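Beneath this line is the structure, given in C-alpha cells, with notes to follow.
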Amino acid sequence: MNWYRTLITLAMCLLIAPNFVSAQATTPTTVEIQPALHDGQHDFDFYFGSWKQHLKRLIHPLTGSTTWAEFDGTIVVRRVWDGRANLNEFEGEGPSGHIEGLTLRLYNPQTHQWSLYWANSKDGAIGGPPSVGEFKNGRGEFFCQDTLNGRAIFIRYIWSDITPNSAHFEQSYSDDGGKTWEVNWISTMTRLQE
C-alpha cells in the first residue's frame, strides 16, 4: 500500500510541476504606462506683454463673399491668477473705424483645457459661448457652437507659428458640422519691444 501512495504522490507531482514551471517561465506582463495629461496652464505665457497686430476680417462670412477689412492695432496681454487666466485688450483702426476687443482666457486644471471668451466695446457684453480647447505640439485648437444669421455653426480658433516674438491666429466657421471650414479672421502678431 505504501508503494501505491508513493505512486500517487509521484503522479501528482508530475501533473503539477509543468504548470509551476510554465508559470515561472512565462514572460512578465507588460504594464502600459499612460502619459500624464499635459498641464497647459502656461500655454499662453508666450503671449504676455504688448503686441502689434495686423488683422484681416472677412466682412460677410459663410455667404461666398471675398471682401476683407484690414485693421492695425495693439494688444496688451496680462497674467491673471498666477497664469491660470489671462486678459488681452485689443485696440485698432480700420476702414470701418475704431475697434476695441477683449479676450478672457480661463484655465481648467481638471480638464487641462482653456475656455476663451470674447467681448467688444460695441456690444459691451461677452458674446456667445466660450471656445474650449488646448495646445498640442505647439498648436492651439479651440472649438464652440454658436449661431450666425439664424444658422447653427461651429467656430474654430487656431493658434500657430508661435515664437517668442510672433504668433498667428485664425478663426474659422463651419456650417456643415465641421466638414469644411471658412477662415474669416486672420491675425498676425509681432511683439513690441518694451
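Residue numbers (the numbering used here): 563 to 756.
Glycine included, C-beta positions come from ideal geometry on N, C-alpha and C.
All values derive from a computational prediction rather than experimental measurement.
Pairwise C-alpha distance: residue j and residue i
{"i": "Glu653", "j": "Ile637", "result": "7 Å"}
{"i": "Arg619", "j": "Glu632", "result": "6 Å"}
{"i": "Asn746", "j": "Asn699", "result": "24 Å"}
Simplified DSSP assignment, three categories, for residue i
{"i": "Asp685", "result": "coil"}
{"i": "His674", "result": "coil"}
{"i": "Phe608", "result": "helix"}
{"i": "Trp630", "result": "strand"}
{"i": "Asp708", "result": "strand"}
{"i": "Gln615", "result": "strand"}
{"i": "Asp644", "result": "helix"}
{"i": "Gln755", "result": "coil"}
Contact check, residue i vs residue j, beta carbons under 9 Å
{"i": "Arg718", "j": "Gly740", "result": "yes"}
{"i": "His660", "j": "Asp634", "result": "no"}
{"i": "Ile715", "j": "Phe731", "result": "no"}
{"i": "Gly602", "j": "Gln675", "result": "yes"}
{"i": "Phe697", "j": "Leu678", "result": "no"}
{"i": "Asn650", "j": "Thr665", "result": "yes"}
Assumed close pair residue i, residue j - CB separation to whole angstroms, cut-off 8 Å
{"i": "Cys706", "j": "Ser693", "result": "4 Å"}
{"i": "Met751", "j": "Ser728", "result": "6 Å"}
Tell me, please, whether the stretch 599-608 touches the stretch 637-648 by the rule of three or more beta-carbon pairs shorter than 8 Å. yes
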